[in-house]
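Q: Right, I'll just put the structure down here and ask away after.
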Amino acid sequence: MAKKLELHPDRLFPTLESTRAIARRLYEQVVNLPIVSPHGHTDPRWFAYNENFSNPTDLLIKPDHYIFRMLYSQGISLEALGLKSTIDGNRGEPDPRKVWSIFADHYHLFRGTPSRLWLDYVFQYVFAMEVTLSTETGELYYDTINEKLKLAAFKPRALFEKFNIEVLATTESPLDDLAHHQVIKNSDWKGRVITAFRPDPVVDPEFEGFVGNLIELGRITGEEINNFSSYLHALNRRREFFKRHGATSTDHGHPTAFTADLSDREKEKLFQLALSGKIDAQSAEIFRGQMLTEMAAMSIDDGLIMQIHPGSFRNHNSQIFEKFGRDKGADLPIATEYIHNLRPLLSKFGNNSHLNIILFTLDETNYSRELAPLAGHYPCLKLGPAWWFHDSPEGMRRFRQQTTETAGFYNTVGFNDDTRAFLSIPARHDLARRMDCGFLAELIADHRIDEDEACELAIDLSYHLVKAAYKL
Amino acid sequence: MAKKLELHPDRLFPTLESTRAIARRLYEQVVNLPIVSPHGHTDPRWFAYNENFSNPTDLLIKPDHYIFRMLYSQGISLEALGLKSTIDGNRGEPDPRKVWSIFADHYHLFRGTPSRLWLDYVFQYVFAMEVTLSTETGELYYDTINEKLKLAAFKPRALFEKFNIEVLATTESPLDDLAHHQVIKNSDWKGRVITAFRPDPVVDPEFEGFVGNLIELGRITGEEINNFSSYLHALNRRREFFKRHGATSTDHGHPTAFTADLSDREKEKLFQLALSGKIDAQSAEIFRGQMLTEMAAMSIDDGLIMQIHPGSFRNHNSQIFEKFGRDKGADLPIATEYIHNLRPLLSKFGNNSHLNIILFTLDETNYSRELAPLAGHYPCLKLGPAWWFHDSPEGMRRFRQQTTETAGFYNTVGFNDDTRAFLSIPARHDLARRMDCGFLAELIADHRIDEDEACELAIDLSYHLVKAAYKL
Amino acid sequence: MAKKLELHPDRLFPTLESTRAIARRLYEQVVNLPIVSPHGHTDPRWFAYNENFSNPTDLLIKPDHYIFRMLYSQGISLEALGLKSTIDGNRGEPDPRKVWSIFADHYHLFRGTPSRLWLDYVFQYVFAMEVTLSTETGELYYDTINEKLKLAAFKPRALFEKFNIEVLATTESPLDDLAHHQVIKNSDWKGRVITAFRPDPVVDPEFEGFVGNLIELGRITGEEINNFSSYLHALNRRREFFKRHGATSTDHGHPTAFTADLSDREKEKLFQLALSGKIDAQSAEIFRGQMLTEMAAMSIDDGLIMQIHPGSFRNHNSQIFEKFGRDKGADLPIATEYIHNLRPLLSKFGNNSHLNIILFTLDETNYSRELAPLAGHYPCLKLGPAWWFHDSPEGMRRFRQQTTETAGFYNTVGFNDDTRAFLSIPARHDLARRMDCGFLAELIADHRIDEDEACELAIDLSYHLVKAAYKL
């Protein structure tokens, strides 16, 4: 017999009843606050054209590398999950229902993972499923969700409103024309969907097609990019364009946190090398590092918040990359260093009151060793929340336990969902709020803070800090 | 007055009664499951000839570097503990009773360590001691244990059966003739004791006597080892020989996780260098890295599971090494890197469904940063349990807390005791089962998983996963 | 209305009542033990001349980089906090009352930090404040504290006695004449204030004014320092001088834990290079490393305990350093390595029973990976307590959780307050005792140790271990 699906109202709270009761009280203060999502990867087309999502598999499985990564790790091929190979002509399993059934058969693999918590939330609160997903209930799930997705109430804008999203940021390349954002802006829909400026394709000489990207950047900005100065000028213009489409932030996905502060002559020389397409790995790293410093200078001028996301080894599985392309679950964390690497930038701009940088890490060893001490000193620095692999109950707990004592709460910036999985956004914010309320409840329970302070903090962590940090 | 020795039935379970009750229920499901011990260092002679152990000191202290390391760290000389110096003619304290009395006098040093938990388990459950060990009771302990060791019920095979061991793997050099395993096999005893293939002496050019080892390898395989191809051939033959003696796995104790994928010409050149005995440290590291890739290729062919144990700085204390030799408690962990280091091997074989690699670490920073993300993606990779210094309550808790959310439970392989201390095997497995049940109970208590799932998981973690992962 | 200030008697204890009751019983055994403070940075002048402290701001805010660092990170200038710039003539806010009011306005920033816990302790127990600090109560606080500071009962020696300090170590440069310590010694006051030997200014070629410092060292020791041998001789004499003023320890604040063991010729060459003032960064690092080994040799001779505090990147914020000088909250931790780095020293002296080294870290990844295994083996090594950024409830908990299982309790040395903030000393020791009692209570609650053992341990961790380790 199918098992009942029934998320417990106290889930993720501390288990001691007296502490749990505190957590519950704090949570009541924040559960209905609007969602502010300053960083993510949803598709602006959804909100521009408001078309129904196609089917459960295309919506919930194929774009979510958290899900297919786990299935792949246990021996299920990506083709069987419907992913298309760009190289061997394999089109992937064409029947979404078959893919769903594989997922249902292997749902136990997600036990203990945040994916399981997010999915059950979506199943219960978005799709009103009443039994848990399993081999037995896979077909029922597919049919029920598939039917609902055809309804008006399940169109992107309706869900956006139902989710109580106050603002949602997507992330675009400087080469993007932001046409979908323009459509949203021109529509009579009131939902606030903004962009964020992600310059990797035009500041990382090792990005696929970098030289062509610069040519395109020149074309769309009307700037002849032939030296470092015209290059910066074009970037500045593009930032301005993004700001007009609502952007309040930039985002930098560098392999390391390395920054540089070169002389004008060195910068020009390095730029010409990059432009020639013949730059080596070491020079490319220096170029990227210099560009972080340049972007900091621009942020001081135009006020965009700067997010730095270092430490991911992209496309580690070369065979998967060659067959299926980017973002297939094979981006892996590497040890990351901030103290030496950020120093050139910080020596130049670290005390500038107009600069705002939000630092992220995939290397948790930096929470207490480097990041909290940095954010606890430099006025330009704040800490982004637990990110990616650490965007989970234990990951969030470690983040608070290892950053709070040195950086306090007010050098952090609330939660980011950072997701492509639109439907999981409320689930993720709910999880973050529960964990923060639980953490605060523990501090109250052992008398480190008082409940009135914690109540203020719970609201700040859920709502005010993110709005302030991202100028939203 | 001597204090009563009485291990609490709820030891190591969560302290909140409601959660503890859950842990207890889960533990009841696994407490009597057979022990599967796929990786360890017990002596096959014990089971081949089934002779009585000599005395408490020779059995419990001298071979256990967990114990004499702690005593040494507090200023007690290894000689006083009965260890023999190979260099200065010091034969070590000859009277085992005197050594035991030093141990008894210093038993408080082990408070808070897993050694204390294992020892008390052995004292209570194996030797039925009723008071705790102390200066006062040292002699009683020595006499009681010494007497029992003379009984038939305390012979190795009897204990093996009493301990409910389903299968026990030892670890041998490729140069071992496996004669003791052959004796076990030829005997009418039904206990399953198998070997594992540990090729370090013949794949690490920096191993003591490497060149001589290759000559010996050639001799026993009847292969003239004069080029890389004949070398691989000899290794293949030896793996085949180990398989015939029950081996289902290989084990690789490299200083780092470095792997290489060289051209045939480079491999040959490097091999000749190694064979000449004049290889430098850097080339030796490349050679070892290439050999991991070669061993992976062989594993794909012959199906042996590949265990990689990197990150130990062996024989750090040079004076102790010179006086007393290997394995004297001075093997120390070093920071270990997996993402870049494993990439050559993974780029070649990472998606091969016939490959099975189990990764271990002494550097816990890798649990969440590198190992869980690797195992949560690559189908050939699984995570070995918390190892060596981390084979302890807090160590196991960190392992689960830091790997589960990304890798899930099903990319792990149950428990390894990895011990020379035969009598501690049930104690170690019991500790691991208790910690897993406690961890699962916490997940149930804050409503992350349901009890029926946790019950399945508890049994999987104690029994099924290890059998599947090691093909036992 | 102002909120009542009332520290809970059970603060920081485990939240489960049954475990908390155990913690309470253990704490009762240690709460009134004298304070032994073997390492810190209080000013010996206070105890030599016993003058009243000037005002709340000069006593509690300006010397405490924990406090102004947090305020600075949130955009408050150091000038506004009364700190003087040495470069731009800015004298800093002259009115201590104004500075105090900024502090009061921003007291919420310290929520969740140990500073908050220490400060509230000082406010309640030293100054008998009855309401919490806030914008509203800032003036009341200033006035009350200001008045009390004029009383005899708030003079340094009176507070020292009130705090039940058995011995307090300060830290001085070898160039210090220890005149203030001499005054204390010559006085009829019974308080024990001793010095510690901190040779960084004369062993680190990159220390400001190193060459001049050597000349001064020669002058005060009457030694002509022109070669390595006369240099060592001068250092030896200075250590002797410090011993006569009560020193039982030396302290070494190196950027890394690197040690060296060079030939006499290499040492001489390196020393001449250092003496010339033209040494490069790499050679300076080797020189420092060699000096750790030399200092170990001297410790073997004169019995001074050697403290090694590696891993701080000093004065990271170059603009702040140029304007305000050292110790302005911009010393940041860096990843630290011990296993390879300490080996030269340990290979030479690691088994010498006359050597005592206490190791500290700002890089917590070393607790379980490197430091506990080192201290759990080498007889000369013990672990200093959680240091600086980790001198906090969560930091101390991680220290015990990650070191105890391998090193045990008896390879640790109790607590260091390491503070310039004299008034916070009882608060810090109280916090450490509470955390240790809580940790022990958890071990009892899940039956890892017995309460009689824990009781002994609580007293050892609070009192006996530090006295033994520092020979006090």
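Chains as they are written, first to last, in numbering that gives the first Met the number 0: chain A, 0 to 471; chain B, 0 to 471; chain C, 0 to 471. Glycine included, each C-beta is placed from N, C-alpha and C at the ideal position.
Compare the C-alpha of B:T258 against each of B:D445, B:R68, B:T169 and B:G349 and name the closest.
A: The shortest C-alpha separation from B:T258 is found at B:G349.
Q: Please report whether the beta-carbon of B:G375 lies at a distance below 8 Å from any beta-carbon of chain A.
A: At least one chain A Cβ lies under 8 Å of B:G375.
Q: Taking C-beta pairs closer than 8 Å, name the residues in chain C that A:G349 reaches, listed in chain order.
A: Going along chain C in sequence order, the residues near A:G349 (Cβ under 8 Å) are N316 and Q318.
Q: Measure from the C-beta of B:L303 to each C-beta in chain C and report whether the shortest distance is under 8 Å.
A: Cβ-Cβ to chain C under 8 Å: no for B:L303.
Q: My output table needs one value for B:P155: the three-state DSSP class, helix, strand or coil.
A: In the structure shown, B:P155 sits in a helix (DSSP, three-state: H, G or I).
Q: Taking the DSSP output, what are the residues bridged to A:Q28?
A: Bridge partners of A:Q28: none, in fact.
Q: With a floor of 3 residues, list each beta strand (DSSP E) that falls wholly inside the stretch 211-269 of chain A, ordered by position along the chain.
A: Counting only runs of 3 or more, we get 248-251.
Q: Count the other CB atoms within 10 Å of the CB of A:L158; is the residue buried (16 or more) or exposed (fewer)?
A: Classification for A:L158: buried.
Q: Specify, as a first and last residue, the run of the alpha helix (DSSP H) that B:M434 falls within.
A: First-last of the alpha helix (DSSP H) with B:M434: I424 to A444.
Q: Starting from the C-beta of B:H253, find all residues in its chain whose C-beta is less than 6 Å away, skip the five residues before and the five after it, and write them out in chain order.
A: Around B:H253: R287 and P309.
Q: Considering C:L382, what are the terminal residues of the alpha helix (DSSP H) in which it resides?
A: It is not in any alpha helix (DSSP H) - C:L382 instead sits in the beta strand (DSSP E) that spans L380 to L382.
Q: Just to confirm my understanding: we take A:A444, look at its own chain, exclude 5 residues before and 5 after, and list those with CB closer than 6 Å. What are they?
A: Correct list, in chain order: T18.
Q: Exposed or buried, B:N163, counting other C-beta atoms within 10 Å across all chains shown (16 or more means buried)?
A: Exposed, since its Cβ has fewer than 16 Cβ neighbours within 10 Å.
Q: Give the C-beta separation of B:F421 and B:T41 to the nearest angstrom, bearing in mind that I take them to be a contact with Cβ-Cβ under 8 Å.
A: So it is a contact: roughly 5 Å between Cβ atoms.
Q: At 4 residues or longer, and completely inside the stretch 94-147 of chain A: list those alpha helix (DSSP H) runs for me, N to C.
A: DSSP runs (the alpha helix (DSSP H)) wholly in the stretch 94-147 of chain A: 95-104, 113-120 and 137-147.
Q: Suppose contacts are defined by Cβ-Cβ distances below 8 Å. Is C:I60 in contact with C:L80 by that definition?
A: Yes, these two residues count as a Cβ contact at 8 Å.
Q: Comparing the C-beta of B:Q400 with each C-beta of chain A, is any distance below 8 Å?
A: Chain A contact via Cβ: present.
Q: Is it true that the CB of A:A374 sits closer than 8 Å to the CB of A:N410?
A: For A:N410 and A:A374, yes; Cβs fall inside 8 Å.
Q: Given a cut-off of 8 Å on the beta-carbon distance, is the pair C:H315 and C:A295 in contact?
A: Contact: no.
Q: List, in chain order, every chain A residue whose beta-carbon is nearer than 8 Å to that of B:G394.
A: Near B:G394 there are no residues of chain A at all, since even the closest Cβ is about 16 Å away, more than 8 Å.
Q: So which residues on chain C does A:H446 lean against when the C-beta distance must stay under 8 Å?
A: Near A:H446 (Cβ distances below 8 Å), the residues of chain C are L6, H7, D9, R10 and L11.
Q: Please confirm whether B:I338 has its beta-carbon closer than 8 Å to some beta-carbon of chain A.
A: Yes, B:I338 lies at the interface with chain A (some Cβ there is under 8 Å from its Cβ).
Q: Can you list, in chain order, the stretches of the beta strand (DSSP E) that have 3 or more residues and sit fully within the stretch 280-367 of chain C?
A: For the stretch 280-367 of chain C, whole beta strand (DSSP E) runs of length 3 or above, ordered along the chain, are 304-307 and 356-358.
Q: DSSP puts B:I164 in a beta bridge; with which residues?
A: In the DSSP output, where bridge partners are listed per residue, B:I164 has B:I34.
Q: Could you spell out where the alpha helix (DSSP H) holding B:V201 opens and where it closes?
A: Start and end: D199 to V202.
Q: Based on the DSSP output, what are the partners of C:I278 in its beta bridges?
A: Paired residue(s): none; C:I278 is not in a bridge.
Q: Could you tell me which of B:G324, B:V465, B:F67 and B:H105 sits nearest to B:S248, measuring between CA atoms?
A: Among B:G324, B:V465, B:F67 and B:H105, the Cα nearest to that of B:S248 is on B:V465.
Q: May I ask you to report which of helix, strand or coil DSSP gives B:E50?
A: It is coil, neither helix nor strand.
Q: What are the residues that DSSP puts in a beta bridge with C:V192?
A: For C:V192, which the question treats as bridged, DSSP gives the partners C:L167.
Q: How many Å lie between A:V125 and B:T169 at the Cα?
A: Whole-angstrom Cα-Cα distance: 53 Å.
Q: Who does A:K3 pair with in a DSSP beta bridge?
A: A:K3 is bridged to A:V130.
Q: Is A:Y71 close to chain F? Criterion is C-beta to C-beta, closer than 8 Å.
A: Absent from the structure: chain F. Protein chains present are A, B and C.
Q: Taking C:S72 as the reference, which of A:L82, A:S72, A:W45 and A:K381 has the closest Cα?
A: Among A:L82, A:S72, A:W45 and A:K381, the Cα nearest to that of C:S72 is on A:K381.
Q: Would C:N226 and C:E265 qualify as a contact pair, given that the criterion is a beta-carbon distance under 8 Å?
A: It is not a contact, given that the beta carbons lie outside the stated cut-off.
Q: What residues in its chain sit with their C-beta under 7 Å from that of A:A246, if we drop five residues either side in the sequence?
A: Excluding positions up to five away in sequence, the list reads I193, T194, A195, F196 and L303.
Q: Looking at C-beta atoms only, is the number of pairs between the stretch 318-334 of chain B and the stretch 277-285 of chain B that lie closer than 8 Å three or more?
A: No: fewer than three Cβ pairs fall under 8 Å.
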